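J.:
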Amino acid sequence: MGSNTVLASVKSPDTHRDIYEYIIAYGLGGSFWLGASDMAVEGDWHWMDGSRVARGTPYWAIHSSFTGWIQEPDGDAEENCLALDSSRKYYFNDLSCSLLHHALCEERL
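Counting from 1, one number per residue, gives the positions in the sequence shown under full-length UniProt numbering.
(1) Would you identify the three-state DSSP class for H16, choosing helix, strand or coil?
(2) Nearest to S9 by CA position, among L95, S51, G43, I23, is which residue?
(3) Can the beta-carbon of A40 be found less than 7 Å from the beta-carbon of W47?
(4) What do you reckon, are the CB atoms on C81 and C105 nearer than 7 Å?
(5) Please determine, among L34, E72, E78, the residue with the shortest C-alpha to C-alpha distance to A103.
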């Protein structure tokens with residue numbers, strides 16, 4: 001990776017869809033790290049450029065539990081990094097930063 005390469009930001013539904021379609025079309029497997037975190041303030045998600053990560057649909061995954069449907073992010077202080085999660089159909093999920101996933105990168109202009 002070059003010095004102008006960073007973990008990707010996904011700031012529009014169109015970009016999210018395009019990435020999903022690329023992953024499916026090329027048969028790529030596994031989850032992909034994105035360039036966002038809530039390490040500075042728990043629950044306050046920001047991209048690496050400082051802009052806020054949009055909450056809710058159409059970006060963040062939902063999943064069922066014994067008490068009903070749960071909207072991601074749900075990881076509290078243990079899950080501070082953002083991924084396109086293969087187990088959640090490539091919607092956003094907060095995961096432990098220590099997990100091994102692919103990096104989804106973009107070149108800064």
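Built from N, CA and C at the ideal position, the CB exists for glycine as well. These figures come from a predicted structure and were not determined experimentally.
T.: Once the coordinates are examined:
(1) Residue state, collapsed to three classes: helix.
(2) S51
(3) no
(4) no
(5) L34
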